[in-house]
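Before any comments, here is the structure.
Numbering (full-length UniProt numbering), first residue to last: 1 to 339.
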């Protein structure tokens, strides 16, 4: 203390420790991981997901003791990692999200071990991280009331485009990506049926016939010369896509999600509470349940129709089994029959 110099009216206070020489800005850490992922040819969706989790981890560590000056490799300790995953659990993040976070941090290890750092990370702090198993839950099967409400809302809305979009989800079980990217030249009209060339998600196209309900709604939207039909859009002559928006030649997946949310919010209060958490993808799950349980489709037929295939192109029956698992409500009905 004798060597400390104080000025009149002041007292010596704690002196901030200098920043570690390996500290980099958050932006630089994000850029480094982006370059590493691009080098490994990861797709843009994965890059965005990993970047968000990587930034969240850095922010988490910088708020802990030692991180006040910024993030550097040696701060990625087993303790920091364990605390981070405990935080994710407390935030009720799903096992799927935590697995992505672990993969993102594992990817980051390669940039933290670079020789340019004075103290690179040489130990794997992720080796003891255990992610809880994702519970297998039954995909959504809508109740009769929910089906009635949704179909009534579509009818009330009265737009040809909305009716066609809903028909492809409810009567065809199409993915939202299939709907958004469906092209006019992928709609084949026969004498008594219409077939669609679907399969945008996995780029494995399949030609499937559609029901009369879906056919009628789709043909009305595409070919009729009435308000709200495709022919009335300013993009009718230039867009290759079936579904166009007011401002663009393609209605995006986000646009369809927005439409479905708006449709639900148009419901009376007592109806809305029953359908609030129903998603457009739930229409696909419900289609699978109805075709399997009510129409007697085989798993193979349903797998082909829904586009459940492996990377090698074979049918993924296991995926279809998950789609048609009995729901808790179905089990309750079974038990009621025993009483």
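All C-beta atoms in this analysis are idealised placements derived from N, C-alpha and C, irrespective of residue type, glycine included.
Contact between the stretch 114-127 and the stretch 136-156 is absent: fewer than three C-beta pairs spanning the two stretches fall below 8 angstroms. For the options 319, 183, 178 and 283, the alpha carbon positioned closest to that of residue 300 is the one of 319. The stretch 65-81 makes no contact with the stretch 31-38, as fewer than three CB pairs between them are under 8 angstroms. Under the DSSP assignment, residue 186 falls outside any alpha helix (DSSP H); it carries neither an H nor an E label. Close CB contacts of residue 38 within its chain, under the 8 angstroms cut and outside five residues either way in sequence, are with 47 (chain order). When 20, 87 and 42 are compared, the shortest CA-CA separation from residue 66 is found for 20. Note on residue 239: 16 or more other CB atoms within 10 angstroms of its CB, so buried under the neighbour-count rule. For residue 258, the number of other beta carbons within 10 angstroms of its own is below 16, and it is reported as exposed.
In the three-state reduction of the DSSP assignment, residue 260 falls in the helix class. Residue 324 counts as buried, since no fewer than 16 other beta carbons sit within 10 angstroms of its beta carbon. Rounded to the nearest whole angstrom, the CA to CA distance from residue 276 to residue 297 is 30 angstroms. According to the DSSP assignment, residue 46 belongs to the alpha helix (DSSP H) that extends over 44-62.
If you draw a straight line from the Cα of residue 215 to the Cα of residue 307, it comes to about 19 angstroms. Per DSSP, residue 194 lies in no alpha helix (DSSP H); the unbroken beta strand (DSSP E) holding it starts and ends at 194-198. Of the other Cβ atoms in all chains shown, 16 or more fall within 10 Å of the Cβ of residue 107; this residue is therefore buried.
Counting only the Cα atoms, residue 142 lies some 19 angstroms from residue 266. For residue 309, the pairing in a beta bridge is given by DSSP as 315. The three-state secondary structure of residue 33, taken from DSSP, is helix.
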